[in-house]
Ligand SMILES: [Zn+2]
Ligand SMILES: [Zn+2]
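Numbering (my numbering), first residue to last: 5 to 330.
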């Protein structure tokens, strides 16, 4: 008699080189008592937080992961540099992993799905293990052809060190502390909340093949990334807030940059795409309501693997598995 057994996945190995500085940075926060409150420090945190968050959302996410707009090779490098100041490894590593997230969102292979492995895994633990250390260049061939981006991806600590040197030169140790420690920790958790919280809390307007949700609060914190259900429904748009009340600071900044010709061809969703939820049947509305309930995220959504990406929009279902055009 023969039996087939599937081997359990090997346990994750902690990446101490990444984990020790990351966790250690949090333990530096109490040193804030050494630099008593000044409005000037609030301004330093605010400016360095939102500048880097813009780099992450416009650069890492909307440009390098989704090609949601066009720009020059020079500004492309500036966006990558600014994004990497957020200390989240190299631009090619970030975008390759994000493309993987869209391809398998909330399925077994999704590397940071809370539905698969819980909140803390999706929020930050996946970054602290050795499994995803390498950059999957085959997933980001379109940008891996630029040597300057490959260099930046390899020496990913250069931008944050340059940034730290600049703030230290201007404001000394207090500025370096507030920008380098306080603001950086906030940038980390602001960004990570999109991988974790927007797949757990919030409303769902569109039927997608994942647990993505929309959240006004998270949109404020992340310059517009909180409209994650919109984004999973149609991932290649330069705006993620699709209605006037859906605040999206990244898009407003991109719009201004487009007036000066710095960026162009901002991709926008059609009215038909934006309003398709109005045509949902009662059964589809009931499904959306059930999926948006507290704790519903613990159950991975039902998939229909036989459905091709071309069929998904016609069904009113988001294009989570549509391959990114190269
Ligand atoms: Zn997502
Ligand atoms: Zn995305």
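Beta carbons are placed, not taken as given, at the ideal position from N, Cα and C, and that holds for glycine. Here the structure is a predicted model, which means the values were calculated and not measured.
Check: residue i C-beta below 8 Å from any heavy atom of ligand 1
i           : result
residue 199 : yes
residue 219 : no
Residue j beta carbon less than 9 Å from that of residue i
i           : j           : result
residue 137 : residue 22  : yes
residue 134 : residue 19  : yes
residue 190 : residue 49  : yes
residue 295 : residue 218 : no
residue 72  : residue 209 : no
residue 266 : residue 76  : yes
residue 4   : residue 132 : With the chain running from 5 to 330 in the structure shown, residue 4 is simply not present.
residue 66  : residue 242 : yes
residue 257 : residue 58  : yes
residue 109 : residue 277 : no
residue 177 : residue 91  : no
residue 153 : residue 163 : no
beta-carbon residue i near ligand 2 non-hydrogen atom, thresh 8 Å
i           : result
residue 239 : yes
residue 187 : no
residue 30  : no
residue 65  : yes
residue 69  : yes
residue 102 : yes
For residue j and residue i, believed in contact at Cβ under 8 Å, the rounded distance
i           : j           : result
residue 99  : residue 64  : 6 Å
residue 143 : residue 103 : 5 Å
residue 232 : residue 202 : 4 Å
residue 74  : residue 268 : 5 Å
residue 240 : residue 127 : About 25 Å separates the two Cβ atoms, so there is no contact after all.
residue 123 : residue 197 : About 11 Å separates the two Cβ atoms, so there is no contact after all.
residue 165 : residue 180 : Not confirmed; about 11 Å, so no contact.
residue 2   : residue 130 : Nothing can be reported for residue 2: it is not among the residues displayed for the chain, which extend from 5 to 330.
- Task: Decide if the stretch 220 to 239 is in contact with the stretch 84 to 101; the criterion is three or more beta carbon pairs, one per stretch, under 8 Å apart.
- Result: The stretch 220 to 239 is not in contact with the stretch 84 to 101.
### Query
In chain order, what are the residues with a CB under 6 Å from some non-hydrogen atom of ligand 1?
Of all residues, those with a beta-carbon under 6 Å from at least one heavy atom of ligand 1 are 105, 109, 203, 216, 232, 236, reported in chain order.
(request) Would you be able to state if there are at least three C-beta pairs under 8 Å between the stretch 77 to 85 and the stretch 35 to 55? (result) Touching, no, given that fewer than three Cβ pairs across the two stretches are closer than 8 Å.
task = Say whether the stretch 30 to 49 touches the stretch 182 to 200, bearing in mind that this needs 3 or more beta-carbon pairs closer than 8 Å, one atom from each stretch.
result = Result yes; three or more Cβ-Cβ pairs closer than 8 Å.
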